[in-house]
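Asker:
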Amino acid sequence: MTQFEVSQHAKLLANNEGQSREIKRLQVEDKQMRVAFRDLDLYCGQLEAENERLKAKLARYEMFETATQVWGY
Numbered sequence: 344m345t346q347f348e349v350s351q352h353a354k355l356l357a358n359n360e361g362q363s364r365e366i367k368r369l370q371v372e373d374k375q376m377r378v379a380f381r382d383l384d385l386y387c388g389q390l391e392a393e394n395e396r397l398k399a400k401l402a403r404y405e406m407f408e409t410a411t412q413v414w415g416y
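In the working numbering, the protein residues as written are 344 to 416.
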């Protein structure tokens, strides 16, 4: 190999190593984002369940309020 070929080979190896590090970094970032989205999805589900519970509670209070007005309380 000529000095130029050795130099080019070294540059390619360094470039490949840099790309490998970038790919690994992106894979870690992808995993973190997937976990974050999963957590957000679970939290949204909890909020939706709480919202339904509160709607049912409000409906009971409104029904109670209507009943007391009908009976004159």
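Idealized CB from N, CA, C, for every residue including glycine.
#1: Can you tell me whether DSSP reads G361 as helix, strand or coil?
#2: Measure the C-alpha to C-alpha separation of A357 and S363 and round it to an integer number of angstroms.
#3: Which of the three DSSP states is assigned to T345 in this structure?
#4: Kindly list the residues whose CB is nearer than 6 Å to the CB of Q370, restricted to its own chain and excluding five residues on each side of it in sequence; keep chain order.
Answerer: In short:
#1: In this structure, G361 counts as helix in the three-state DSSP scheme.
#2: 10 Å
#3: coil
#4: none
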